[in-house]
Amino acid sequence: MNIAIVGTGYVGLVSGTCFAEMGVHVTCVDVNEEKINALLEGQIPIYEPGLDEMVLRNHREGRLNFTTDLTSCLDDVDIVFSAVGTPPDEDGSADLQYVLAVARTFGQNIKKYTILVTKSTVPVGTAKKVKAAIQEELTKRGVDIPFDVASNPEFLKEGAAIKDFMSPDRVVVGVESDKARELMSRLYRPFLLNNFRVIFTDIPSAEMIKYAANSMLATRISFMNDIANLCEIVGADVNMVRKGIGTDSRIGTKFLYPGCGYGGSCFPKDVKALIKTAEKAGYSMEVLKAVERVNENQKSVLFNKLQAHYGGDLKGKVVAMWGLAFKPETDDMREATALVTIKLLLEAGCTVRVFDPIAMNECKRRIGETVTYCKDMYEAVLDADALMLLTEWKQFRMPSWGVIKRAMKNAVVIDGRNIYDPVEMAEEGFTYTCIGR
Numbered sequence: 026m027n028i029a030i031v032g033t034g035y036v037g038l039v040s041g042t043c044f045a046e047m048g049v050h051v052t053c054v055d056v057n058e059e060k061i062n063a064l065l066e067g068q069i070p071i072y073e074p075g076l077d078e079m080v081l082r083n084h085r086e087g088r089l090n091f092t093t094d095l096t097s098c099l100d101d102v103d104i105v106f107s108a109v110g111t112p113p114d115e116d117g118s119a120d121l122q123y124v125l126a127v128a129r130t131f132g133q134n135i136k137k138y139t140i141l142v143t144k145s146t147v148p149v150g151t152a153k154k155v156k157a158a159i160q161e162e163l164t165k166r167g168v169d170i171p172f173d174v175a176s177n178p179e180f181l182k183e184g185a186a187i188k189d190f191m192s193p194d195r196v197v198v199g200v201e202s203d204k205a206r207e208l209m210s211r212l213y214r215p216f217l218l219n220n221f222r223v224i225f226t227d228i229p230s231a232e233m234i235k236y237a238a239n240s241m242l243a244t245r246i247s248f249m250n251d252i253a254n255l256c257e258i259v260g261a262d263v264n265m266v267r268k269g270i271g272t273d274s275r276i277g278t279k280f281l282y283p284g285c286g287y288g289g290s291c292f293p294k295d296v297k298a299l300i301k302t303a304e305k306a307g308y309s310m311e312v313l314k315a316v317e318r319v320n321e322n323q324k325s326v327l328f329n330k331l332q333a334h335y336g337g338d339l340k341g342k343v344v345a346m347w348g349l350a351f352k353p354e355t356d357d358m359r360e361a362t363a364l365v366t367i368k369l370l371l372e373a374g375c376t377v378r379v380f381d382p383i384a385m386n387e388c389k390r391r392i393g394e395t396v397t398y399c400k401d402m403y404e405a406v407l408d409a410d411a412l413m414l415l416t417e418w419k420q421f422r423m424p425s426w427g428v429i430k431r432a433m434k435n436a437v438v439i440d441g442r443n444i445y446d447p448v449e450m451a452e453e454g455f456t457y458t459c460i461g462r
C-alpha cells in the first residue's frame, strides 16, 4: 500500500516512519524545503529515542521518501494523512488554517478515489469543514471524483512514541463509509494480526476521543497536584495517598503522580481547545477550566517554595536547575514549567544555572543567554543557593550528594517531581522540600 503523510513534525514523522517499518510505502510531505532537504540527508529535526536509525533504514530501503510537493505523489497513493500543526489561536481554539490548506490541495489535485485522514488533533466538526473544502475544489474543477474523509487521532507519548505506535493500546479510526473502513482496515492489518484493538467509530466521536483522553489525563494530574498541596497544609503524605487510592481498581495508578505542572504540545493545547469548543456550542466545561487553573498555579510552586525558604528575598541568589524539557526523553519545551520558573527567578533577581541532557539548544532558541548553560549536572550546582529539579531524567535519580553539598553555597534542594527520599536527604545534610509531603 502507498500512502502520503503531510507534515513532518512529531506526529507526521513518527507515524510515517512506523508505517514504513510495517512495510507500507510512505511519502512524507512538508512545505518547509529546508526540513525536507535535511531529512533527505539523514538529519532528523526532532529528538525521539530510536527514531534516527529507523528513519535512515527505511529511507535507505526505499519505503520512506520525502518531498515538498504533495501533488507529485497523489496519483500513486490510496490514503493521505494530514498531520499538520493546529496551534492555538489567541482565544485558545485550534487554528485550522493548515488542515484546511491540505484539504484544498487534496481537492485541487486528486484524480481517483482517495481518503484524506486527519491525524492532527482537531475539534469536533473539523471533518465537515475538510469535506466541504475538498468538495468546493472539486466543484471548481467541474469533476465528480469520489473521496472519503476519516479521522485517525494519534496517542503517542513523547519519549516512547515508537513503542506507542508499534504496540498501541488502541487505534481509533472514524469513518463515514464501508469503503473507507475497508481501506483503513487493510492499512492497519499488521496491527490486527497482533491482536491490537482497532476501534471504528463515526468521525465526530473519533475527533472527541482524542480531546477527551488528553483532558482526562490532564485532569488526573491537576487533581493530584491539588491533593498534594492540601496534603502539605494538613500534614498528610501525598505518596501514601496516591498508593492508597491507586490500588482501587476503579482508579488505577497511572497519572496520579504530583509534580510542578504538566506541559508539552498536547495537554495544555487540547484542554484549551476543548473548553473553547464547548463555549462555541453554548456549554461551559467547568471541570476543565479548574484543571487549567490548577496547572497554571502549579507551575509557580517551586518558585514559591524557594521564596518562602529565603523569606521572600531572592535577589542575588544563585539557583541551579536540573531539567528543562517538559518531560524526560524529549527536547520539547512547549508549555514547560521550566520556562515559567526561569522567568520568575530572573524577575526576582536570581542568577540561574541550568542543565538538561537534551533540551539545552531548545532552551537557547527560546530564551537566549538569559541563563547560564552548564556542561553537566554538577557544574550547574557550583556556588548555588538552591537546586531545583524540574524534569525527572534518569541520570538525576542517584547523584553524588556529597559532591553536590560541597559544591553548593547552601544545601537547599527543591524537588518538583518527588524522586528523592526525604529521610536520605536529611541524613545527607540538605534542607529538602518536595510536592505534597
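The opening position of the sequence shown corresponds to residue 26 in the working numbering, with each subsequent residue numbered one higher. Here a beta-carbon is modelled for each residue, glycine too, at the ideal position from N, C-alpha and C.
Review point. With 16 as the cutoff for other CB atoms within 10 Å, does residue 112 come out buried or exposed?
Key: Walking along the sequence shown from the start, residue 112 turns up at place 87. Residue 112 should be labelled exposed.
Review point. Do you know how far the Cα of residue 222 is from the Cα of residue 405?
Key: Your numbering for residue 405 matches position 380 in the sequence shown. Your numbering for residue 222 matches position 197 in the sequence shown. Going from the Cα of residue 405 to the Cα of residue 222 covers about 46 Å.
Point to revise | Close beta carbons around residue 421, own chain, < 8 Å, minus the five adjacent residues each side | key: Reading the sequence shown from its first residue, position 396 is the one you call residue 421. 347, 348, 402, 414 and 444, listed in sequence order.
Point to revise | C-beta contact flag for residue 151 and residue 232 at 8 Å | key: Position 126 of the sequence shown, counting from 1, holds the residue named residue 151. Position 207 of the sequence shown, counting from 1, holds the residue named residue 232. Yes. Within cutoff.
Review point. Grouping DSSP H, G and I as helix and E and B as strand, with all else coil, what is residue 199?
Key: As a working mapping, residue 199 is identified with position 174 in the sequence shown. Reduced to three states, the DSSP call for residue 199 is strand.
Exercise for review: Would you please state the rounded distance, in angstroms, between the beta carbons of residue 362 and residue 312? I believe it to be under 8 Å.
Suggested key: Start at 1 with the first residue of the sequence shown, and residue 362 comes out as number 337. Start at 1 with the first residue of the sequence shown, and residue 312 comes out as number 287. Wrong, their Cβ atoms sit about 22 Å apart, outside the cutoff.
**Study point:** Continuous alpha helix (DSSP H) assignments of at least 4 residues falling wholly in the stretch 138-167
**Key:** 151-166
Exercise for review: Leaving aside the five residues before and after residue 37 along the sequence, list all residues of the same chain whose C-beta is less than 6 Å from its C-beta, in chain order.
Suggested key: Within the sequence shown, the letter at position 12 stands for residue 37. Excluding positions up to five away in sequence, the list reads 30 and 108.
**Study point:** Exposed unless 16 or more other CB atoms sit within 10 angstroms - verdict on residue 62
**Key:** In the sequence shown, counting from the first residue as 1, residue 62 sits at position 37. So residue 62 ends up on the exposed side.
Review point. Are residue 441 and residue 284 closer than 8 Å when you measure CB to CB?
Key: Numbered from 1 along the sequence shown, position 416 holds the residue referred to as residue 441. Numbered from 1 along the sequence shown, position 259 holds the residue referred to as residue 284. The answer is yes: Cβ separation under 8 Å.
Point to revise | Nearest-angstrom beta carbon gap, residue 297 and residue 117 [assumed within contact, 8 Å] | key: Start at 1 with the first residue of the sequence shown, and residue 117 comes out as number 92. Start at 1 with the first residue of the sequence shown, and residue 297 comes out as number 272. 4 Å between Cβ atoms; contact.
Review point. Residue 209 by DSSP, collapsed to three states: which one?
Key: Here residue 209 is taken as the residue at index 184 of the sequence shown, counted from 1. Note: residue 209 maps to helix in three-state DSSP.
Check your understanding: Span of the alpha helix (DSSP H) holding residue 251?
Key -> Here residue 251 refers to the residue found at position 226 of the sequence shown. Per DSSP, residue 251 belongs to the alpha helix (DSSP H) from 228-259.
**Study point:** Runs of beta strand (DSSP E) lying entirely within the stretch 369-410, each at least 3 residues, in chain order
**Key:** 376-380
Practice item. Have a look at residue 399 and residue 90 and give me their C-alpha separation to the nearest angstrom. Key: Locating residue 399 in the sequence shown gives position 374, counting from the first residue. Locating residue 90 in the sequence shown gives position 65, counting from the first residue. Computed Cα separation, rounded: 38 Å.
Practice item. Could you spell out where the alpha helix (DSSP H) holding residue 320 opens and where it closes? Key: Position 295 of the sequence shown, counting from 1, holds the residue named residue 320. From DSSP, the alpha helix (DSSP H) with residue 320 extends over 311-323.
Practice item. Could you tell me the distance, in whole angstroms, from the CA atom of residue 207 to the CA atom of residue 319? Key: Here residue 207 is taken as the residue at index 182 of the sequence shown, counted from 1. Here residue 319 is taken as the residue at index 294 of the sequence shown, counted from 1. Near 44 Å, if we compare the C-alpha coordinates of residue 319 and residue 207.
Practice item. Since I believe residue 102 is in contact with residue 28 (beta carbons under 8 Å), could you give me their beta-carbon distance rounded to a whole number of angstroms? Key: Reading the sequence shown from its first residue, position 3 is the one you call residue 28. Reading the sequence shown from its first residue, position 77 is the one you call residue 102. About 5 Å separates the two Cβ atoms, so the contact holds.
**Study point:** Nonlocal neighbours in the same chain, by C-beta distance under 6 Å from residue 177, ignoring five residues either side
**Key:** Position 152 of the sequence shown holds residue 177. 142, 144 and 198.
Practice item. Taking all protein chains shown into account, decide if residue 339 is buried (16 or more other Cβ within 10 angstroms of its Cβ) or exposed. Key: Residue 339 sits at position 314 when you count from the first residue of the sequence shown. Buried.
**Study point:** Nearest-angstrom Cα separation, counted from residue 67 out to residue 156
**Key:** Numbered from 1 along the sequence shown, position 131 holds the residue referred to as residue 156. Numbered from 1 along the sequence shown, position 42 holds the residue referred to as residue 67. Distance between the alpha carbons of residue 156 and residue 67: 35 Å.
Check your understanding: Can you tell which of 288, 299, 409 and 194 has its C-alpha closest to the C-alpha of residue 345?
Key -> The residue labelled residue 345 in the question sits at position 320 within the sequence shown. Nearest option by C-alpha distance: 409.
Check your understanding: Is there contact between the stretch 80-88 and the stretch 40-52, where contact requires at least three CB pairs shorter than 8 Å?
Key -> yes
Review point. Out of 99, 357, 456 and 167, which has the shortest C-alpha to C-alpha gap to residue 330?
Key: Reading the sequence shown from its first residue, position 305 is the one you call residue 330. The option with the nearest alpha carbon to residue 330 is 456.
Point to revise | Given residue 100 as reference, the closest of 261, 277, 140 and 72 once Cα atoms are compared | key: Walking along the sequence shown from the start, residue 100 turns up at place 75. Minimum Cα distance to residue 100 is reached at 140.
Exercise for review: Just confirm the distance between the C-beta atoms of residue 267 and residue 241, as a whole number of angstroms; I'd bet it's less than 8 Å.
Suggested key: In the sequence shown, the residue the question calls residue 267 occupies position 242. In the sequence shown, the residue the question calls residue 241 occupies position 216. 17 Å between Cβ atoms; not a contact.
**Study point:** Euclidean distance between Cα positions of residue 164 and residue 128
**Key:** By one-based count along the sequence shown, residue 164 stands at place 139. By one-based count along the sequence shown, residue 128 stands at place 103. Looking at the two C-alpha atoms, the distance is approximately 14 Å.
Check your understanding: Is residue 456 helix, strand or coil by DSSP?
Key -> Within the sequence shown, the letter at position 431 stands for residue 456. Reduced to three states, the DSSP call for residue 456 is strand.
Check your understanding: In chain order, what residues of the same chain have a beta carbon less than 6 Å from the beta carbon of residue 130, not counting five sequence neighbours either side?
Key -> As a position in the sequence shown, residue 130 is number 105, starting the count at 1. Here the set comprises 95.
Check your understanding: Is the shortest distance between the beta-carbon of residue 326 and the beta-carbons of chain C less than 8 Å?
Key -> Among the chains in the structure shown there is no chain C, since it carries only a single protein chain.
Review point. What separation, rounded to the nearest whole angstrom, lies between the Cα atoms of residue 275 and residue 371?
Key: The count along the sequence shown starts at 1 and reaches residue 275 at position 250. The count along the sequence shown starts at 1 and reaches residue 371 at position 346. Whole-angstrom Cα-Cα distance: 44 Å.
**Study point:** Under the three-state DSSP convention, the category residue 339 falls into
**Key:** Residue mapping note: residue 339 aligns to position 314 of the sequence shown, counting from 1. Note: residue 339 maps to coil in three-state DSSP.
**Study point:** Cutoff 6 Å; reference residue 226; Cβ partners in own chain excluding five residues on either side
**Key:** Residue mapping note: residue 226 aligns to position 201 of the sequence shown, counting from 1. For residue 226, where only same-chain residues beyond five positions count, the Cβ hits under 6 Å are 199.
Check your understanding: How would you call residue 65, buried or exposed, if buried means at least 16 neighbouring beta carbons within 10 angstroms?
Key -> Reading the sequence shown from its first residue, position 40 is the one you call residue 65. Exposed, because fewer than 16 other Cβ atoms sit within 10 Å of the Cβ of residue 65.
Point to revise | Expected contact under 8 Å - CB spacing of residue 433 and residue 391 to nearest Å | key: Here residue 433 is taken as the residue at index 408 of the sequence shown, counted from 1. Here residue 391 is taken as the residue at index 366 of the sequence shown, counted from 1. So it is not a contact: roughly 27 Å between Cβ atoms.
Practice item. Look up residue 328 in the DSSP assignment and say whether it is helix, strand or coil. Key: Position 303 of the sequence shown, counting from 1, holds the residue named residue 328. In this structure, residue 328 counts as helix in the three-state DSSP scheme.
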